[in-house]
Amino acid sequence: MYKAINKSSLRQLPCLLKRFQSTLVVAEHDNEKLTPVTLNAITAASKVGSEISCLVAGTNCAKVTEELSKVKGVKKILVAQHDAYKGLLPEELTPLILATQQQFGFTHICAGATAFGKSLLPRVAAKLDVAAISDIIEVKSPDTFVRTIYAGNALCTVKCNEKVKVFTVRATSFEAAPVQGGSAATEQVAPSSPVGISVWVEQNLSKSDRPELTSAKVVVSGGRGLKSGENFKLLYDLADKLNAAVGASRAAVDAGFVPNDLQVGQTGKIVAPELYIAVGISGAIQHLAGMKDSKTIVAINKDPEAPIFQVADYGLVADLFKAVPEMTEALKK
Ligand SMILES: Cc1cc2nc3c(=O)[nH]c(=O)nc-3n(C[C@H](O)[C@H](O)[C@H](O)COP(=O)(O)OP(=O)(O)OC[C@H]3O[C@@H](n4cnc5c(N)ncnc54)[C@H](O)[C@@H]3O)c2cc1C
Numbered sequence: 484m485y486k487a488i489n490k491s492s493l494r495q496l497p498c499l500l501k502r503f504q505s506t507l508v509v510a511e512h513d514n515e516k517l518t519p520v521t522l523n524a525i526t527a528a529s530k531v532g533s534e535i536s537c538l539v540a541g542t543n544c545a546k547v548t549e550e551l552s553k554v555k556g557v558k559k560i561l562v563a564q565h566d567a568y569k570g571l572l573p574e575e576l577t578p579l580i581l582a583t584q585q586q587f588g589f590t591h592i593c594a595g596a597t598a599f600g601k602s603l604l605p606r607v608a609a610k611l612d613v614a615a616i617s618d619i620i621e622v623k624s625p626d627t628f629v630r631t632i633y634a635g636n637a638l639c640t641v642k643c644n645e646k647v648k649v650f651t652v653r654a655t656s657f658e659a660a661p662v663q664g665g666s667a668a669t670e671q672v673a674p675s676s677p678v679g680i681s682v683w684v685e686q687n688l689s690k691s692d693r694p695e696l697t698s699a700k701v702v703v704s705g706g707r708g709l710k711s712g713e714n715f716k717l718l719y720d721l722a723d724k725l726n727a728a729v730g731a732s733r734a735a736v737d738a739g740f741v742p743n744d745l746q747v748g749q750t751g752k753i754v755a756p757e758l759y760i761a762v763g764i765s766g767a768i769q770h771l772a773g774m775k776d777s778k779t780i781v782a783i784n785k786d787p788e789a790p791i792f793q794v795a796d797y798g799l800v801a802d803l804f805k806a807v808p809e810m811t812e813a814l815k816k
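Residue 816, in the numbering used here, is where the sequence shown stops; the numbers in between run on with no holes.
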């Protein structure tokens, strides 16, 4: 027998639908600290409007769980600890995510659009037989997301009809969720049996006292105009005065001036600091795709026609080998 639906129940439908939705945010961390992008992903998840759970998989991740429990908006933390989760390999994490999705019926699964999220979530989506949505910059509704295409030159609104929505989140497009005011419950989940098709051997991280590139408030980036890796010292000296991170164009990376984890752009990192100083960078669209959302852009280039001046708030037509040491000197005073 069917029950007639009246107008007022129809009006409650969006609320009821929200109640049946729940989002899993896969936490990125190093067992000691959360990677900041997880907080941006939690904000994106909160825009979906459903209940938020976070999955912390690792080897000894009590500190991360504690940090996460304070994050506003997180309802539950699922913790899975096993040696197989060393290095957070996608091959090992995927079965765990699938099992938690089955157990808790998550309608949305997301993570930051970092190397971690980009290698993990497409695998999860493939196993669920759904299409993943990468690098979203806005949540319009629980099934509609915005992402950039053509190197950031067009915005694409995607309506996702999949049973489970799997997406990665661009950190610079969402504020970090506050690490206070939360009181998430913690629940241990059984680790899935190790897959064993890949093994974590070691990781060599470059140590730096400078802020991390994607979360720095100030970024000083160098391009092919620097002419050599040694000349990047000019930028490191300036960066130290400004407490800035150092970035680079792809041409500078390809020429071997600096390692590729400094690359900003379409195929590098996306940054949106308060201040971005582009030194000896022409401003190709692929570079702009990674930095054009910076609040203030300063360009130093000897070519007045360089395209970087079209996006710059302040432009200095000058020889960088003269201008940069002068700026550093002025900041010492
Ligand atoms: C699929 C694809 C993806 C890409 N992804 C990226 C990406 O993620 N990031 C990225 O950056 N690029 C990317 N690129 C490459 C991009 O197209 C450009 O080739 C690159 O950004 C150019 O780097 P550049 O500005 O350092 O070098 P150039 O274009 O060679 O510019 C050097 C600039 O330095 C200036 N200069 C030289 N000497 C001085 C001096 N003494 N003082 C002041 N100025 C000086 C010159 O006037 C010039 O404007 C990609 C390309 C493709 C096809």
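All C-beta atoms, glycine included, are put in the ideal place defined by N, C-alpha and C. As the structure is a prediction and not an experimental result, all values here were calculated from the model.
Excluding the five sequence neighbours on either side, which residues of its own chain have a C-beta within less than 7 Å of the C-beta of Ala717, listed in chain order?
Looking at the sequence provided, one finds Leu at residue 717 rather than Ala. If we look at Leu717 and ignore the five residues flanking it on each side, its Cβ neighbours are Val807, Pro808.
Between Leu499 and Asp723, what straight-line distance do the alpha-carbon atoms span, to the nearest angstrom?
For Leu499, the pLDDT reaches just 49, beneath the cut-off of 50, and the residue's location in the model is therefore unreliable, although a value from the coordinates is still provided. Straight-line spacing of the CA atoms in Leu499 and Asp723 works out to 53 Å.
Contacts around Ile680, its chain only, beta-carbon distance under 7 Å, and the 5 residues preceding and following it disregarded
Correct list, in chain order: Glu574.
Within 9 Å, strictly: CB atoms of Lys555 and Glu621
Result no, Cβ atoms of Lys555 and Glu621 do not sit closer than 9 Å.
Looking at the structure shown, is Lys569 part of a helix, part of a strand, or coil, going by DSSP?
Under the three-state reduction of DSSP, Lys569 is assigned to coil, being neither helix nor strand.
Is the distance from the Cβ of Val649 to the Cβ of Val607 below 9 Å?
In this structure, Val607 lies closer than 9 Å to Val649 by Cβ.
Whole runs of the alpha helix (DSSP H) within the segment 516–563, excluding any shorter than 4 residues
Whole alpha helix (DSSP H) segments, 4+ residues: 520–531, 545–552.
Measure from the alpha carbon of Ser624 to the alpha carbon of each residue in Ser552, Gly532, Cys639, then state which is nearest.
For the residues Ser552, Gly532, Cys639, the minimum Cα distance to Ser624 belongs to Gly532.
Given a cut-off of 9 Å on the beta-carbon distance, is the pair Val817 and Leu745 in contact?
This structure leaves residue 817 out entirely; the chain is present only between 484 and 816.
Measuring straight from C-alpha to C-alpha, what distance separates Leu496 and Gly595?
Since pLDDT at Leu496 reaches only 49, below the 50 mark, its modelled position is unreliable, and the value read off the structure follows with that caveat. Spanning the two alpha carbons is a distance of roughly 30 Å.
Residues in the same chain with beta-carbon distance under 6 Å from Pro677, minus the five sequence neighbours each way, listed in chain order, please.
Here the set comprises Ala567.
Would you check whether ligand 2 has a heavy atom nearer than 8 Å to the C-beta of Leu803?
For ligand 2, the structure offers nothing, since it holds only ligand 1.
Taking 8 Å as the line, does the beta carbon of Gly798 fall inside it for any heavy atom of ligand 1?
The closest heavy atom of ligand 1 lies 8 Å or more from the beta carbon of Gly798.
Who pairs with Glu670 in a beta bridge, going by DSSP?
For Glu670, which the question treats as bridged, DSSP gives the partners Leu561.
Proximity to Phe628 [Cα-Cα], best of Lys601, Arg653, Pro605:
Answer by Cα proximity: Arg653.
Let me know the secondary structure DSSP gives Gln817 once reduced to three states.
Because the chain in this structure spans residues 484 to 816, residue 817 falls outside the shown range and cannot be described.
In the segment 652–740, which residue ranges form an unbroken beta strand (DSSP E) of at least 3 residues, counting only runs that do not cross its ends?
Listed in chain order, they are 668–671, 701–705, 728–731.
Start and end of the beta strand (DSSP E) containing Glu621?
Bounds of the beta strand (DSSP E) holding Glu621 are 615–624.
Hey, would you say Leu579 sits closer than 9 Å to Leu638, going by beta carbons?
One thing to note: Leu579 has its Cβ no nearer than 9 Å to the Cβ of Leu638.
Look at Val701 and Ala563 and say whether their C-beta atoms are less than 9 Å apart.
Taking 9 Å as the Cβ cut-off, Val701 and Ala563 do not qualify as a contacting pair.
DSSP state of Val629 mapped onto helix, strand, coil:
Per DSSP, reduced to three states, the secondary structure at Val629 is strand.
C-alpha gap between Ile753 and Ala527, whole angstroms:
Using only the alpha carbons, I get a separation of about 17 Å.
Helix or strand or just coil, what does DSSP make of Lys642?
When secondary structure is reduced to three states using DSSP, Lys642 falls in the strand class.
C-alpha distance - Thr583 paired with Glu515, whole-angstrom precision:
Answer to the nearest angstrom: the Cα atoms are 23 Å apart.
Using CA coordinates, which residue listed in Leu581, Ala782, Glu549 is at the minimum distance from Glu670?
With distances taken between Cα atoms, Glu670 lies closest to Glu549.
C-beta atoms of Gly766 and Ala755 nearer than 9 Å
In this structure, Ala755 does not lie closer than 9 Å to Gly766 by Cβ.
Pick out whichever of Ala609, Gly588, Leu721, Ala728 has its Cα sitting closest to the Cα of Ala813.
Comparing Cα-Cα distances from Ala813 to each of Ala609, Gly588, Leu721, Ala728, the minimum goes to Leu721.
Excluding sequence positions up to five away, which residues of its chain have a Cβ less than 8 Å from the Cβ of Trp683?
Within its own chain, the residues whose Cβ lies closer than 8 Å to the Cβ of Trp683, once the five positions on either side in sequence are excluded, are Lys569, Gly570, Leu572, listed in chain order.
As a quick exercise: from Ser505, Gly664, Pro790, Lys785, pick the residue whose alpha carbon is nearest that of Val800.
Out of Ser505, Gly664, Pro790, Lys785, Lys785 has the C-alpha closest to the C-alpha of Val800.
Contacts around Asp802, its chain only, beta-carbon distance under 7 Å, and the 5 residues preceding and following it disregarded:
These residues qualify, in order along the chain: Lys785.
Are there 16 or more other CB atoms within 10 angstroms of the CB of Leu551, so buried, or fewer, so exposed?
It counts as buried.
Once the 5 residues before and after Cys544 are set aside, which same chain residues still bring their CB inside 6 Å of it?
Setting aside the 5 residues that flank it on each side, Cys544 is surrounded in the same chain by Asn514, each with a C-beta closer than 6 Å to its C-beta; the list follows chain order.
Sort out for me which residues DSSP pairs Ile760 with in a bridge.
Ile760 pairs with Val703, Val781.
Coarse secondary structure for Lys648, derived from DSSP in three states
Lys648 falls in the strand class under three-state DSSP.
Tell me whether the beta-carbon of Lys775 lies closer than 9 Å to the beta-carbon of Val762.
No, the pair does not count as a contact, with Cβ atoms beyond the cut-off.
Cβ shell of Gly798 (< 6 Å), same chain only, five flanking positions each side left out
For Gly798, where only same-chain residues beyond five positions count, the Cβ hits under 6 Å are Ala782, Phe792.
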